[in-house]
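Here the structure comes first, spelled out in structure tokens, and everything after it is commentary.
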Amino acid sequence: MSSILFEIKDSIGFITLNRPDKYNAFNREMALLLQDKLDECKSKEIRCVYLTGAGKAFSAGQDLAEVADPNGPKITHILSEHYNPIVRKIRKLSKPVVAAVNGVAAGAGANIAICCDIVVATESATFIQAFSKIGLIPDSGGTFFLPRLIGLQKSLALTMLGDKVTATEAEQMGMLYKVFADDVFKEQSFKIAETLSQMPTKALHYTKQALNQAFISGFEEQLHDEELLQERASRTQDYKEGVLAFLEKRKPNFKGE
Ligand code: T3D
Numbered sequence: 003m004s005s006i007l008f009e010i011k012d013s014i015g016f017i018t019l020n021r022p023d024k025y026n027a028f029n030r031e032m033a034l035l036l037q038d039k040l041d042e043c044k045s046k047e048i049r050c051v052y053l054t055g056a057g058k059a060f061s062a063g064q065d066l067a068e069v070a071d072p073n074g075p076k077i078t079h080i081l082s083e084h085y086n087p088i089v090r091k092i093r094k095l096s097k098p099v100v101a102a103v104n105g106v107a108a109g110a111g112a113n114i115a116i117c118c119d120i121v122v123a124t125e126s127a128t129f130i131q132a133f134s135k136i137g138l139i140p141d142s143g144g145t146f147f148l149p150r151l152i153g154l155q156k157s158l159a160l161t162m163l164g165d166k167v168t169a170t171e172a173e174q175m176g177m178l179y180k181v182f183a184d185d186v187f188k189e190q191s192f193k194i195a196e197t198l199s200q201m202p203t204k205a206l207h208y209t210k211q212a213l214n215q216a217f218i219s220g221f222e223e224q225l226h227d228e229e230l231l232q233e234r235a236s237r238t239q240d241y242k243e244g245v246l247a248f249l250e251k252r253k254p255n256f257k258g259e
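In terms of the numbering used here, the sequence shown opens at residue 3 and continues consecutively.
Below is the structure:
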């Protein structure tokens, strides 16, 4: 059985981290396969990506048995070849990536989840910045995204103490978008992906670009980029369709073009 499951259905790329016995901990094979699947999601037929975990966990982060193995990958390679490319690919993908956090998300697993565009979690999921517990610092973009999402003080506390937070606490802190009750989580999280897959894909891409840049650019630069990106959005077929559908009082039929 592959450590990553991948399926394309109704314009959605479904990626499932699939090492359930190991709580979907990342080994080299799974990290590289995830990168391949994220690359496959560049295909035009995919308009939204849905990332989740098989079994009880979203992901427990780095497979600690692999790092303890003297023949296993070295830590510098783990970051530069495994996690950083994953985070870059998610942030740069020209379509929304939904993280559907179905269970515990720890270490790199937590930070890969929170770097996604829309993060939703099942009520019983938990988030742990587990790094300090084993003598490491947060990685996989965690030191970039976490303080921007929840602020410096809470980021320092969570990463230093390694405390486990519930999905509801994480939502209240601003770490994620929504929490769904366990019995409706799958249905509700699919619904978000389904909605996104029928929206004006290019406008969503430009929105992602603009908001990505907002993390690092100043006010004037941001206004300038809005001008450029809005002009690009206004040249899409979906913009024409959106305006026409409004005037004709009907539901728009966006094609992602
Ligand atoms: O050198 C580097 O490490 C560089 C990379 C850094 C990136 C990182 O992600 S560092 C952080 C690594 N992750 C962790 O430290 C988390 C370790 N896991 C846990 O703390 C706990 O397992 C959880 C809090 C995630 C879940 O706890 P619990 O009690 O619900 O489950 P469990 O019994 O501990 O785990 C279930 C199984 O998954 C178990 O297998 P077994 O004993 O039933 O055969 C456990 O060994 C396995 N598992 C969980 N996490 C990992 C793991 N196996 C390998 N690596 C793991 N990270």
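Ideal placement from N, C-alpha and C gives every residue a C-beta, glycine not left out.
Note the first and the last residue of the continuous beta strand (DSSP E) segment covering residue i.
i	result
Tyr52	Cys50 to Gly55
Lys166	Lys166 to Thr168
Phe217	Premise fails: Phe217 is in no beta strand (DSSP E) and is neither H nor E.
Grab the span of the alpha helix (DSSP H) containing residue i for me, first residue to last.
i	result
Lys11	Taken as a continuous stretch (DSSP letters only), Lys11 belongs to no alpha helix (DSSP H), being part of the beta strand (DSSP E) at Ile6 to Lys11.
Ile244	One point to set straight first is that residue 244 is Gly, not Ile, in the sequence displayed. Gln239 to Leu249 is the extent of the alpha helix (DSSP H) around Gly244.
Ala33	Arg30 to Glu42
Phe147	Gly144 to Ile152
Phe256	Where Phe256 is concerned, there is no enclosing alpha helix (DSSP H), given that its DSSP letter is neither H nor E.
Phe89	Looking at the sequence itself, residue 89 is Val, so the reference to Phe does not match. Start and end: Asn86 to Lys94.
Leu198	Phe187 to Ser199
Ser236	Phe221 to Ser236
Please state whether the Cβ-Cβ distance between residue i and residue j is less than 7 Å.
i	j	result
Met177	Ile116	yes
Val107	Phe133	The amino acid at residue 107 is misidentified as Val; the sequence shows Ala. No.
Glu173	Val181	yes
Ser13	Ser199	yes
Gly105	Phe147	no
Asn153	Thr203	First, the residue type needs correcting, since residue 153 is Gly and not Asn in the sequence shown. Taking 7 Å as the Cβ cut-off, Gly153 and Thr203 do not qualify as a contacting pair.
Val99	Cys118	yes
Ala212	Leu225	no
Gln64	Gly15	no
Lys91	Leu40	yes
Ser157	Pro149	yes
Ala101	Leu53	yes
Gln37	Pro87	yes
Tell me residue i's beta-bridge partners as DSSP assigns them.
i	result
Lys180	Val122
Gly15	Ile10 and Val51
Phe129	Ala107 and Val167
Gln64	Phe28
Val100	Tyr52 and Ile120
Ala172	None, per the DSSP bridge assignment.
Ala59	Val106
Alpha carbons only, please: which of the options is nearest the one belonging to residue i?
i	options	result
Lys240	Asp184, Ala62, Pro254 and Arg150	A quick correction: the sequence has Asp, not Lys, at residue 240. Residue Pro254 is the option with its Cα nearest to Asp240.
Phe192	Leu158, Thr168, Val103 and Leu231	Val103
Ala183	Ala169, Ile194, Arg93 and Ala195	Ala169
Val69	Ala101, Arg30, Val51 and Pro87	Arg30
Thr209	Ala110, Met162 and Lys94	Lys94
Arg49	Pro149, Glu243 and Met201	Met201
Asp23	Met162, Ala127 and Gly57	Gly57
Ala205	Leu7, Gly244, Ser126 and Cys43	Gly244
Glu47	Ala67, Leu53, Glu9 and Lys76	Glu9
Pro140	Ala159, Glu223 and Glu171	Ala159
Gln131	Val122, Leu163, Glu250 and Gln155	Leu163
Alpha carbon to alpha carbon, how far is residue j from residue i? Give it in angstroms, no decimals.
i	j	result
Leu81	Arg237	39 Å
Tyr179	Ala62	21 Å
Leu138	His84	16 Å
Gly55	Leu151	23 Å
Gln215	Ile114	19 Å
Lys97	Asp165	32 Å
Leu34	His79	12 Å
Thr145	Ile120	18 Å
Asn73	Thr18	27 Å
Arg21	Phe217	33 Å
Glu189	Phe248	29 Å
Glu51	Ile136	The question names Glu, but residue 51 is Val in the sequence shown. Cα-Cα distance, rounded: 32 Å.
Ala195	Phe256	15 Å
Glu42	Arg252	34 Å
Glu228	Leu66	43 Å
Asn26	Phe221	40 Å
Met3	Arg234	43 Å
Thr161	Val167	11 Å
Lys11	Lys242	26 Å
Ser5	Ala112	18 Å
Does any residue of chain C have a CB that is nearer than 7 Å to the CB of residue i?
i	result
Val51	As a matter of chain content, chain C is missing from the structure shown, which is built from one protein chain.
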